[in-house]
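Taken in sequence, the protein lines are chains A and B. Taken in order, the first sequence gives residues 1 to 196; the numbers are from UniProt numbering. Taken in order, the second sequence gives residues 1 to 196; the numbers are from UniProt numbering.
Protein chains: 2
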Amino acid sequence: MTEARPVRPGPRRTLSEQVILDAALALLAELGADRVTIRGIAARAGIAPNAVYTYFPDKAAVLHGLAEQLLGRVHDKQAADSALPWRDRVHTVARDLRNELLAHPGSVHLLLGNSLDGQNARAIGAAMLVILADAGLAPDAAARAAHLFNVYLLGSVALETTDQVRATDQFLWGLDRLLDGLVPCAVTPRDHPGSG
Amino acid sequence: MTEARPVRPGPRRTLSEQVILDAALALLAELGADRVTIRGIAARAGIAPNAVYTYFPDKAAVLHGLAEQLLGRVHDKQAADSALPWRDRVHTVARDLRNELLAHPGSVHLLLGNSLDGQNARAIGAAMLVILADAGLAPDAAARAAHLFNVYLLGSVALETTDQVRATDQFLWGLDRLLDGLVPCAVTPRDHPGSG
DNA sequence: ACCTGAACACCGTTCAAGT
DNA sequence: ACCTGAACACCGTTCAAGT
Chain A
1 MTEARPVRPG
11 PRRTLSEQVI
21 LDAALALLAE
31 LGADRVTIRG
41 IAARAGIAPN
51 AVYTYFPDKA
61 AVLHGLAEQL
71 LGRVHDKQAA
81 DSALPWRDRV
91 HTVARDLRNE
101 LLAHPGSVHL
111 LLGNSLDGQN
121 ARAIGAAMLV
131 ILADAGLAPD
141 AAARAAHLFN
151 VYLLGSVALE
161 TTDQVRATDQ
171 FLWGLDRLLD
181 GLVPCAVTPR
191 DHPGSG
Chain B
1 MTEARPVRPG
11 PRRTLSEQVI
21 LDAALALLAE
31 LGADRVTIRG
41 IAARAGIAPN
51 AVYTYFPDKA
61 AVLHGLAEQL
71 LGRVHDKQAA
81 DSALPWRDRV
91 HTVARDLRNE
101 LLAHPGSVHL
111 LLGNSLDGQN
121 ARAIGAAMLV
131 ILADAGLAPD
141 AAARAAHLFN
151 VYLLGSVALE
161 TTDQVRATDQ
171 FLWGLDRLLD
181 GLVPCAVTPR
191 DHPGSG
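Written as structure tokens, this is what we have:
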């Protein structure tokens, strides 16, 4: 017989939070938001429904993780390029986020229903703050403006999703009105801080 | 025995759509959005759950009617007063709608998830168009601006609801930035059209 | 036309048990 | 620690039947 070293009871890590979130994301992309159920996720991951509760306290926690998962798919290199005009950088972030949200119908309501306090959410918010600081906004104004940006992005896509229309013109028009309203807030406007 | 005149089969109109929507609204106000269920509505109305389907094809239709019901509770007299500055009139509409939505947590997601094409929704939208026209916006710009207003209002309240904060300062600040961005769109600005 | 009881096919979640 | 089968308390919706 083999040596009787203390065998750990049961498999140690055949699953993980990531496996569950991957299954949830696949379900969201293929079947829509209303099909993202605990039982559906478990079935796709090949486990029993209640096994999910080993990793997440409840469904809300799974959806919160799923929202974070979605934001992680957006990486903006152009947004970080401080040599570009700040309005263009905002446009880039807005377009990329909007496209990601429109690609997964229902994901907007996911973001609107969960606090955007995860790692990826904070990263995007921080990138936005940098852009707005480069635009000349004071820290508190930049924070308010970043929130305003979130409101506009999520609100726009939510209405686009329910009304079944892709109104890119309207989206960019509203974004520009919003940026126009922010311009007077810039105390030290500088388009190319790298050259100053 | 009494005369055998053709008695109509069953009670003719003991219920109505309005009774069901009233029950739904009461449930929303008292127990929250997630407790607005077909079975709950029926119980409060004193009928069997499937009786609801005599008046509405499915739950989505009930919620659509409920969204309309909510908007009907907002009546703005000040918004119609063309003697007031247009920014004040917008502020009034925004404040009243926001207060109504915050009073019923979950109602925001109700509005965001249903097309705002009902009678009350159109009335509010029309009032907004009048204000924006008085502000000097051309019809197409006014239409875009009205949509922008919807996006901002619903997006703001949605984020306020999920983050459990009532940030009135932030709300008004963002609204003003938005209105600032609209000012250049006014081709024929006139504050008091009644005096012209 | 309007309402009912009963059933169907689902949910999220919990519990006791097994490794 | 991790996973399972079974159950509980719900859902929305449909169907056949009654008035």
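The C-beta atom is built at its ideal place from N, Cα and C for all residues, glycine as well.
Just to confirm, is the Cβ distance from residue i to residue j under 8 Å?
i: E100 of chain A; j: V130 of chain A; result: no
i: E17 of chain B; j: Y55 of chain B; result: yes
i: L175 of chain A; j: Y152 of chain A; result: yes
i: V90 of chain B; j: L27 of chain B; result: no
i: residue 198 of chain B; j: A186 of chain B; result: Residue 198 of chain B lies beyond the residue range present for chain B, which begins at 1 and ends at 196; the question has no answer from this structure.
i: L102 of chain B; j: L66 of chain B; result: no
i: T162 of chain B; j: L112 of chain A; result: yes
i: T93 of chain B; j: A127 of chain B; result: The sequence as given places Val at residue 93 of chain B; Thr does not occur at that position. Contact flag set, yes.
i: G155 of chain B; j: G155 of chain A; result: yes
i: Q170 of chain A; j: H147 of chain B; result: yes
i: A42 of chain A; j: P49 of chain A; result: yes
i: R177 of chain B; j: G181 of chain A; result: yes
i: R98 of chain B; j: V157 of chain B; result: yes
i: V52 of chain B; j: V62 of chain B; result: yes
i: A133 of chain B; j: A142 of chain B; result: yes
Could you have a look at residue i and say whether DSSP puts it in helix, strand or coil?
i: L137 of chain B; result: coil
i: I20 of chain A; result: helix
i: Y53 of chain A; result: helix
i: I41 of chain B; result: helix
i: D76 of chain B; result: coil
i: G32 of chain A; result: coil
i: R166 of chain A; result: coil
i: H64 of chain A; result: helix
i: V157 of chain B; result: helix
i: D58 of chain A; result: coil
i: V187 of chain A; result: coil
i: I131 of chain A; result: helix
i: I124 of chain B; result: helix
i: G174 of chain A; result: helix
i: A142 of chain B; result: helix
i: A26 of chain B; result: helix
i: G46 of chain A; result: coil
i: Q119 of chain B; result: helix
i: L182 of chain A; result: helix
i: R5 of chain B; result: In this prediction, R5 of chain B scores a pLDDT of 30, lower than 50, which makes its location untrustworthy; no coordinate-derived value is stated.
Give me the Cβ distance between residue i and residue j, rounded to the nearest whole Å; I'm assuming they're in contact under 8 Å.
i: A23 of chain B; j: R44 of chain B; result: 4 Å
i: E68 of chain B; j: G118 of chain B; result: 4 Å
i: W173 of chain B; j: R144 of chain A; result: 6 Å
i: H64 of chain A; j: N120 of chain A; result: Wrong, their Cβ atoms sit about 12 Å apart, outside the cutoff.
Within the 8 Å Cβ cut-off, does residue i reach chain A?
i: P184 of chain B; result: yes
i: H75 of chain B; result: no
i: G65 of chain B; result: no
i: W173 of chain B; result: yes
i: R122 of chain B; result: no
i: R95 of chain B; result: no
i: N150 of chain B; result: yes
i: D180 of chain B; result: yes
i: R44 of chain B; result: no
How about residue i: is its C-beta nearer than 8 Å to some C-beta of chain B?
i: T162 of chain A; result: yes
i: A158 of chain A; result: yes
i: V165 of chain A; result: no
i: G106 of chain A; result: no
i: Q170 of chain A; result: yes
i: D140 of chain A; result: no
i: D22 of chain A; result: no
i: H147 of chain A; result: yes
i: H109 of chain A; result: yes
i: L28 of chain A; result: no
i: L154 of chain A; result: yes
i: G113 of chain A; result: yes
i: R98 of chain A; result: no
i: R144 of chain A; result: yes
i: R177 of chain A; result: yes
**Request:** May I have a chain-ordered list of the alpha helix (DSSP H) segments no shorter than 4 residues that lie completely inside the stretch 81 to 117 of chain A?
**Result:** 86 to 103 and 107 to 113
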